[in-house]
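Novice: Supplied in structure tokens, the structure appears directly below.
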Amino acid sequence: MRQTGFFHHIGTFLLFSATVLLIITDISAPVVNGISMLRVDLDSRATSSNSWPSLTFGTFGYCVRDTTASGQDFCSRSHVGYDPVSIVEQNVQDVDFSDAATDTSKALTRVMILHPIATGLAFIAFLLALGAGVIGSLLASLCSLLTFIVTLIALICDFVAFGIIKSEVNNADNGSRAEWGAASWTILVSAICSFLATFIVFFTCCSARLHRRREARVVKDVPDGYGAPARRRRWW
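Be aware that the sequence shown starts at -8, since it is given in this note's numbering, and climbs by one per residue.
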């Protein structure tokens, strides 16, 4: 691996980065109130000059932030699957979601269970890449490819589910505004990292095998006794 060690380290770093980025997505609201996949800023009901009411939607739930005079946040418990449309309808005026949009967004939040699964796969791929052996690199590239596929599926479902809400809120023109949160971008970047890591680690695996075969061929082609020290003649 010493011939391709630099590139292998890059692939390993990308897998580590993908793991960290996915962890950020996993701990979005309601675990960490301020980290969200979608943020809805509510219509001009400020509780103070420095605080504005909002809804933050995450992997395992949501938070209603700064809607009281005390600025206290109300968050759901963490669980797989929830109904983001009903939360928006309770807090945003003049929004009208169809039954299909409601059912679709609610169903797709259940797919977010793939977030922690992708995190685990990325971490396993990172550990395999640390081995730096040919077999370890091959397994790491396969695990990284699986991580990318799982992350891509989760990413598509996330953007479809919250894209429905974002579009309706922004089209309502009622003073509320929806925008993508940090957790949406972290899962996007993690998918890119795992995609690049798949090819980089696989390249280092193939290159290492090629170098080993080449070195073995060179050793095999050396004549017997070539380079051996000359035998000393005895003086008698």
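For each residue, glycine too, the CB sits at the ideal point set by N, CA and C.
Less than 8 angstroms between the CB atoms is what I'm expecting for ALA9 and ALA145, so what's the real figure, rounded?
Specialist: By one-based count along the sequence shown, residue 9 stands at place 18. By one-based count along the sequence shown, residue 145 stands at place 154. Rounded, the Cβ-Cβ distance is 13 angstroms, inconsistent with contact.
Novice: Along the chain, where does the beta strand (DSSP E) containing LEU46 start, and where does it finish?
Specialist: Taking the sequence shown and counting its residues from 1, the one referred to as residue 46 is at position 55. Counting along the chain, the beta strand (DSSP E) containing LEU46 begins and ends at 45 to 48.
Novice: Output the distance between the C-alpha atoms of GLY25 and TRP176, rounded to the nearest integer angstrom.
Specialist: By one-based count along the sequence shown, residue 25 stands at place 34. By one-based count along the sequence shown, residue 176 stands at place 185. C-alpha separation (whole angstroms): 14 angstroms.
Novice: Between CYS66, LEU133, ILE104, which has its C-alpha nearest LEU118's C-alpha?
Specialist: Within the sequence shown, residue 118 is the residue found at index 127, counting from 1. When each option's Cα is compared against that of LEU118, the closest is LEU133.
Novice: What does TYR53 pair with, by DSSP beta-bridge criteria?
Specialist: The count along the sequence shown starts at 1 and reaches residue 53 at position 62. Answer by DSSP bridge pairing, in chain order: PHE48.
Novice: Please name the residue or residues paired with TRP171 in a DSSP beta bridge.
Specialist: Here residue 171 refers to the residue found at position 180 when the sequence shown is read from its first residue. In the DSSP output, where bridge partners are listed per residue, TRP171 has LEU29.
Novice: Expressed to the nearest angstrom, what Euclidean distance is found between the alpha-carbon atoms of PRO21 and ARG68?
Specialist: As a working note, residue 21 is residue 30 in the sequence shown. As a working note, residue 68 is residue 77 in the sequence shown. Cα to Cα, the separation comes out at about 7 angstroms.
Novice: Taking the beta carbon of GLU159 as the centre, do at least 16 other beta carbons fall within 10 Å, making it buried, or is it exposed?
Specialist: Residue mapping note: residue 159 aligns to position 168 of the sequence shown, counting from 1. It is buried - the Cβ of GLU159 has at least 16 other Cβ atoms within 10 Å.
Novice: From the DSSP output, in three-state form, read off PHE65 for me.
Specialist: Position 74 of the sequence shown, counted from the start, is the residue given in the question as residue 65. Correct three-state label for PHE65: strand.
Novice: Quick one, which of ALA173, VAL180, ASN165 has its alpha-carbon nearest THR50's?
Specialist: Here residue 50 is taken as the residue at index 59 of the sequence shown, counted from 1. Out of ALA173, VAL180, ASN165, ALA173 has the C-alpha closest to the C-alpha of THR50.
Novice: Touch check for the stretch 66 to 83 and the stretch 96 to 114: three-plus C-beta pairs under 8 angstroms?
Specialist: Verdict: yes, contact present.
Novice: Where does ASN82 sit, in a helix, a strand or coil, going by DSSP?
Specialist: Walking along the sequence shown from the start, residue 82 turns up at place 91. Helix.
Novice: Near VAL23, which residues of its chain fall below 7 angstroms by C-beta distance, leaving aside the five closest residues on each side in sequence?
Specialist: One-based indexing of the sequence shown puts residue 23 at position 32. Same-chain partners within the cutoff: there are none.
Novice: Thinking C-beta only, is ALA116 closer than 7 angstroms to THR138?
Specialist: Counting from one through the sequence shown, the residue named residue 138 turns up at place 147. Counting from one through the sequence shown, the residue named residue 116 turns up at place 125. Yes, the pair counts as a contact, with Cβ atoms nearer than the cut-off.
Novice: How many angstroms separate the CA atom of ILE14 from the CA atom of SER181?
Specialist: For the purposes of this step, residue 14 is identified with residue 23 of the sequence shown, where counting begins at 1. For the purposes of this step, residue 181 is identified with residue 190 of the sequence shown, where counting begins at 1. For ILE14 and SER181, the distance between alpha carbons rounds to 10 angstroms.
Novice: Give me the Cβ distance between SER19 and ASP32, rounded to the nearest whole Å; I'm assuming they're in contact under 8 angstroms.
Specialist: Position 28 of the sequence shown, counted from the first residue, corresponds to residue 19. Position 41 of the sequence shown, counted from the first residue, corresponds to residue 32. The pair is not a contact, with the Cβ atoms about 17 angstroms apart (cut-off 8 angstroms).
Novice: At what residues does the alpha helix (DSSP H) containing VAL125 begin and finish?
Specialist: Here the question's residue 125 lines up with position 134 in the sequence shown. Per DSSP, VAL125 belongs to the alpha helix (DSSP H) from 125 to 163.
Novice: If we count the other Cβ atoms within 10 Å of its Cβ and call it buried at 16 or more, is ASP90 buried or exposed?
Specialist: Against the sequence shown, residue 90 aligns to sequence position 99. Burial call: exposed.
Novice: In whole angstroms, what separates the C-alpha of SER135 from that of ILE78?
Specialist: Here residue 135 corresponds to residue number 144 of the sequence shown, with the count starting at 1. Here residue 78 corresponds to residue number 87 of the sequence shown, with the count starting at 1. Computed Cα separation, rounded: 36 angstroms.
Novice: Assuming ALA169 contacts LEU29 under a Cβ cut-off of 8 angstroms, what Cβ separation, rounded to an integer in Å, is found between them?
Specialist: Position 178 of the sequence shown, counted from the start, is the residue given in the question as residue 169. Position 38 of the sequence shown, counted from the start, is the residue given in the question as residue 29. Their Cβ separation, rounded to whole angstroms, is 6 angstroms, which keeps ALA169 and LEU29 in contact under 8 angstroms.
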